[in-house]
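Visitor: Taken in order, the sequence shown gives residues 1181 to 1329; the numbers are from our numbering.
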Amino acid sequence: MSTARLNDRLAARQPLVLGLFRIVLGLLFTSEGAATVFGLLDRPASPVGEWPFWYAGVIELVAGALVLVGALTRGAAFLASGIMAFAYFTEHQKEGLFPLQNGGLAPALFCWGFLLLVFFGPGALSLAGRERRPGTVPGAPRRVRGRVS
């Protein structure tokens, strides 16, 4: 198989793979939030209102669920990326420079994974995709009365 043909076949599957990436990332983030807020998976729940852990858990739960189903994906991913950057720099960075040193591997990966979704959108299998008209490209400019918006 030629390289060009392989590239074409892979490119045709990009929306599906991006959608699967979004679903897995959202599911993992939602489980982090649920564990923090409700004390699941052998993790004690953060006391209600405890700064910043309980609030971060609520944001993880809500933003993760939105990303999981593909609703408001870019906004939820932007918020999730931001709180993971905040978590990394306020909780982990003081323990060492690199994520493997300071236990911040998960926040770093979540931060960059969500940032990817901010720029690339939800991909296939999303609620946002069901709202789109057939033949439209996500993120493309729209024509409104002859003008591009």
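Using N, Cα and C, we set each Cβ at its ideal position, and we do this for glycine too.
May I ask you to report which of helix, strand or coil DSSP gives W1231?
Guide: Looking at W1231 - three-state DSSP - the assignment turns out to be coil, as it is neither helix nor strand.
Visitor: Applying the 10 Å Cβ sphere with the 16-neighbour rule, what's the burial state of F1269?
Guide: Counting Cβ neighbours within 10 Å, F1269 comes out exposed, since fewer than 16 surround it.
Visitor: Within the chosen definition, does the stretch 1185-1197 reach the stretch 1217-1235 through at least 3 CB pairs nearer than 8 Å?
Guide: The answer is no - the stretch 1217-1235 does not touch the stretch 1185-1197, with fewer than three Cβ pairs under 8 Å.
Visitor: Is the CB-CB distance between G1267 and F1294 below 8 Å?
Guide: First, the amino acid is wrong: residue 1267 is Ala here, not Gly. No, Cβ-Cβ distance for A1267 and F1294 is not below 8 Å.
Visitor: Residue ranges of each alpha helix (DSSP H) run of no fewer than 4 residues wholly in the stretch 1181-1223, ordered along the chain?
Guide: Complete alpha helix (DSSP H) runs here, min 4: 1183-1192, 1194-1218.
Visitor: Three or more beta-carbon pairs under 8 Å between the stretch 1203-1215 and the stretch 1232-1245, yes or no?
Guide: Yes, since at least three Cβ pairs between the stretch 1203-1215 and the stretch 1232-1245 fall closer than 8 Å, the two stretches touch.
Visitor: For G1303, count neighbouring C-beta atoms within 10 Å of its own C-beta (all shown protein chains included) and say buried if the count is 16 or more, exposed if not.
Guide: Label assigned to G1303: buried.
Visitor: Would you mind sorting A1256 into buried or exposed? The rule is 16 or more other CB atoms within 10 Å of its CB.
Guide: Classification for A1256: buried.
Visitor: Once the 5 residues before and after A1288 are set aside, which same chain residues still bring their CB inside 7 Å of it?
Guide: Cβ neighbours of A1288 beyond the five flanking positions: Y1268, P1279.
Visitor: Pick out whichever of Q1281, G1276, V1249 has its Cα sitting closest to the Cα of V1204.
Guide: For V1204, the nearest C-alpha among the options comes from V1249.
Visitor: Within 10 angstroms of the Cβ of A1192, are there 16 or more other Cβ atoms? Answer buried if so, exposed if not.
Guide: Answer is exposed; the Cβ neighbour count stays below 16.
Visitor: Let's see if you can read the secondary structure: which residues bound the alpha helix (DSSP H) around Q1281?
Guide: Segment 1279-1282, the alpha helix (DSSP H) holding Q1281.
Visitor: Can you tell me whether E1275 is buried or exposed? The criterion is at least 16 other CB atoms within 10 Å of its CB, across all chains shown.
Guide: The residue in question, E1275, is exposed, as its Cβ has fewer than 16 Cβ neighbours within 10 Å.
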